[in-house]
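Numbering (this note's numbering), first residue to last: -9 to 539.
Where a beta carbon is used, it is the ideal one built from N, C-alpha and C, also for glycine.
As structure tokens, the structure follows; a few thoughts come after it.
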């Protein structure tokens, strides 16, 4: 073979090798090797377009370049935490506790999660929220009453809050919805108490469409009022905002886990809800009052909004690494048509109808053996703080002196609860006789004079009978709530030793009680010295309580 032929042969052979190599390389890029079905699922998800969700809830598909790992579902080994709080939801006003209302999505979450059977909160709004965010009994928070509109005090600044500690452990923190822990000083606002972002209302109640309380508008995005939401129903706005946060989370947070406190305004008064939700209940013969129709409509709406939020987590591959908690802040009020059956009492009472609340936990991280069960162990609102930080996040709290106990293993493993007692209020047990006879502490500064504690099967309540003089002897009530779930049989005279032991336990706690934040009048009556755009003023003699705790 001549040199020319040899050269030609080598050239052709090399060209064929190059073509074959290029073909193989291209094939390997378009058809990656799949080792198992899970990897195949991850690949198929990675090719799907991202969902951008507007605040109005409209879906827009964006087929642009995807951020790395946006659909991997592996943002962090630490779970995302979502705490959804209903406002004034009665025990029997949820489908999985009663057949009088329908909440199909919440029912399914409860059915496939762990329901909470002995879970306690405070009898009204602000104290429950304070206990949740501080991990302390309400007597140590300074908040024992619902803060009035434009109340010039707030959750005392010496408290370290749950979102602050979660941030220290690498979480981003977000509040959507109702705050109600004071807002008349800049340092009291949610984004100065540990939340990276805040969208919602600062007060305790307003028009659910117009977002007005009197002449004041109360819908905020951080420090700015957002008037474009006037006329939109608050539950729908909050759900859409949560969808937006979730759908765009991967673009802004560098893989950090997030904590979302989604705080609905429903089914709290005023009883407003889109007509389509009221119409659902017109055909039910047992729904005979318009208040019940509106109540059930509000609850149906909330159920649908929570459905949207969870579906958004699933679409964005975040659900598999999320722990989802649902709770009410207190029992339901009768005036709104609420029911706390089979418990006695309602919102603002210390009977179980006011303090034992709806709650459940759901997460793909829960073992199969606990799904569909009810956790009967005792727990309370203050327990979420250490449960979130130490239990779920696996983080550290430092040397915080909390009343809350980490109950995560009890929930996810079905173990007995480490909590043996829960103090709802120390009340007048911690007051001397002169204070008990001083009507100022009842009427002016908002102290709850009632005592209540749950230990084992026993529930002790010490309270004044409604309508009698305030210096009248207190009524001592003792119930075995395991045998008498309706708290109908007062056993105080039959078990004086139990009464004595429980009263002594409360008195032992008295030294930990802190002064409450005081009522200082309605600041709207003094339209000067504004310190914030929403119209609050600061009295010159106002001094933040310096007690550390």
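Own chain residues within Cβ distance below 6 Å of residue i, not counting five before or after
i: residue 328; result: 80, 83 and 322
i: residue 124; result: 131 and 149
i: residue 451; result: 340, 442 and 467
i: residue 404; result: 360
i: residue 324; result: 336
i: residue 497; result: 419
Reference residue i; option with closest CA among the options
i: residue 540; options: 183, 127 and 195; result: For the chain, the structure presents residues -9 to 539; residue 540 sits outside this window and is missing.
i: residue 387; options: 417, 160 and 233; result: 160
i: residue 352; options: 100, 93 and 413; result: 100
i: residue 318; options: 335, 103, 166 and 254; result: 254
i: residue 76; options: 447, 492 and 316; result: 316
i: residue 186; options: 211, 175 and 203; result: 211
i: residue 540; options: 416, 107 and 276; result: Residue 540 is absent from the structure shown; the chain starts at -9 and stops at 539.
i: residue 549; options: 391, 103 and 385; result: Absent from the structure is residue 549, since the part of the chain shown begins at -9 and ends at 539.
i: residue 98; options: 503, 485, 350 and 216; result: 350
Contact set for residue i: own chain, Cβ-Cβ below 7 Å, skip 5 residues either direction
i: residue 170; result: 115, 116, 119, 137, 193 and 194
i: residue 407; result: 367, 368, 369, 397 and 400
i: residue 448; result: 468, 470, 488 and 492
i: residue 172; result: 137, 141, 143, 144, 145 and 178
i: residue 354; result: 309 and 310
i: residue 220; result: 200 and 201
Contact check, residue i vs residue j, beta carbons under 8 Å
i: residue 270; j: residue 162; result: no
i: residue 74; j: residue 356; result: no
i: residue 312; j: residue 70; result: yes
i: residue 105; j: residue 377; result: no
i: residue 348; j: residue 292; result: no
i: residue 199; j: residue 223; result: yes
i: residue 155; j: residue 300; result: no
i: residue 95; j: residue 382; result: no
i: residue 109; j: residue 444; result: no
i: residue 133; j: residue 507; result: yes
i: residue 92; j: residue 290; result: yes
i: residue 298; j: residue 229; result: yes
i: residue 476; j: residue 334; result: yes
i: residue 166; j: residue 285; result: no
i: residue 465; j: residue 453; result: yes
i: residue 281; j: residue 326; result: yes
i: residue 375; j: residue 72; result: no
Buried versus exposed call for residue i [16 or more other C-beta atoms within 10 Å across all chains shown]
i: residue 330; result: buried
i: residue 121; result: buried
i: residue 278; result: exposed
i: residue 126; result: buried
i: residue 227; result: buried
i: residue 241; result: exposed
i: residue 501; result: exposed
i: residue 52; result: Note that residue 52 has pLDDT 30, beneath the 50 cutoff, so the model's placement of it is unreliable and the number below is only indicative. Exposed, by the Cβ-count rule.
i: residue 412; result: buried
i: residue 209; result: buried
i: residue 393; result: buried
i: residue 288; result: buried
i: residue 320; result: buried
i: residue 505; result: exposed
i: residue 67; result: exposed
i: residue 205; result: exposed
Own chain, CB closer than 8 Å to residue i, minus 5 neighbours either side, in chain order
i: residue 239; result: 248, 306 and 308
i: residue 260; result: 195, 197 and 198
Taking the runs of the alpha helix (DSSP H) that are 4 residues or longer, which of them lie wholly in the stretch 145 to 202?
152 to 158, all fully within the stretch 145 to 202.
Uninterrupted beta strand (DSSP E) stretches inside the stretch 317 to 387 (no shorter than 3 residues)
DSSP assignment within the stretch 317 to 387 yields the following whole beta strand (DSSP E) runs of 3 residues or more, N-terminal first: 349 to 352 and 363 to 370.
I'd like the ranges of any beta strand (DSSP E) spanning at least 3 consecutive residues and lying wholly in the stretch 243 to 290.
List check, beta strand (DSSP E) in window: 248 to 253.
Entirely within the stretch 217 to 242 and at least 3 residues each: give me those beta strand (DSSP E) ranges in chain order.
Within the stretch 217 to 242, complete beta strand (DSSP E) segments of at least 3 residues are not found at all.
Can you check the stretch 58 to 116 for any alpha helix (DSSP H) of at least 4 residues that lies completely inside it and give the ranges in chain order?
For the stretch 58 to 116, the full-length alpha helix (DSSP H) segments reaching 4 residues or more read 94 to 101 along the chain.
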